[in-house]
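In this text, residue positions in the sequence shown follow UniProt numbering: the first is 1, and each later residue adds one.
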Amino acid sequence: MWSEYSLEVVDAVARNGSFSAAAQELHRVPSAVSYTVRQLEEWLAVPLFERRTVMWN
Numbered sequence: 001m002w003s004e005y006s007l008e009v010v011d012a013v014a015r016n017g018s019f020s021a022a023a024q025e026l027h028r029v030p031s032a033v034s035y036t037v038r039q040l041e042e043w044l045a046v047p048l049f050e051r052r053t054v055m056w057n
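Laid out in structure tokens, this is it:
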């Protein structure tokens, strides 16, 4: 379900371009940001962001 906080999280991710940067701005851990976005996506039944995995060698 959506809340004012979940909309703040989505806004922060969109402005910062990553979950990690949004988490830093919101003083949260990245997993909390990811969880909030995932919950909202499930409630809306639509993906909000394209996720990309960075592979380090």
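Note that CB positions come from ideal geometry on N, CA and C, so glycine has one too.
Everything numeric in this text was worked out from a predicted model, so none of it was measured.
Would V13 and T36 be called neighbours here (beta carbons separated by less than 7 Å)? no
For T28, does the three-state DSSP call read helix, strand or coil? Note on identity: in this sequence residue 28 is Arg, with Thr being the wrong assignment. Correct three-state label for R28: coil.
Just reading off the alpha helix (DSSP H) that P8 is part of, what are its end residues? Before going further, note that residue 8 is Glu rather than Pro in the sequence given. Note, E8: alpha helix (DSSP H), E4 to N16.
Helix, strand or coil at A22 [DSSP, three-state]: helix
Considering only the beta carbon of each residue, do Y6 and L40 sit closer than 7 Å? The displayed chain sequence assigns Ser, not Tyr, to residue 6. In contact: S6 and L40 (Cβ atoms closer than 7 Å).
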